[in-house]
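Participant: Every letter in the sequence shown is one number past the one before it in full-length UniProt numbering, and letter 73, counting from 1, is 73. The C-beta atom is built at its ideal place from N, Cα and C for all residues, glycine as well.
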Amino acid sequence: MALCADVLAIPGIVVGTFLLLVLSSNPVWAIVAPTVTLGVLVIILAVLGWLFCVVKKKRQTEGTYRPSAEEQSGARSVAAPDAIKLPKEERLI
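1) What span of residues does the alpha helix (DSSP H) with isoleucine 31 cover, start to end?
2) Could you check the C-alpha separation between valine 47 and valine 55 for me, to the nearest Å?
3) Proline 67 lies in the alpha helix (DSSP H); which residues open and close that run?
Structure follows, in structure tokens:
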């Protein structure tokens, strides 16, 4: 199947031929197209990075309190009463 006399209906060739025709007819597109593409990619990456930071911050500040998880882990953050240092004993001179 042929669309024109010398253009086959193979997707890669049709797209490549079309892009070649567009780029060869107007050299400004050779500069504008990659610049716009890179600009859009940079904007998308910046938005994704910002969303990642927002989600990370939300997860740090918001959450649910689960005392059963602390009980199962042994509550390592709570200091044992034996570990409290006593003040020095007062002595007579």
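Facilitator: Here's the rundown:
1) The residue given as residue 31 occupies position 31 in the sequence shown. First-last of the alpha helix (DSSP H) with isoleucine 31: 29–61.
2) Within the sequence shown, numbered from 1, the residue matching residue 47 stands at position 47. Within the sequence shown, numbered from 1, the residue matching residue 55 stands at position 55. Cα-Cα distance, rounded: 12 Å.
3) Indexing the sequence shown from 1 puts residue 67 at position 67. That run of the alpha helix (DSSP H) goes 67–73.
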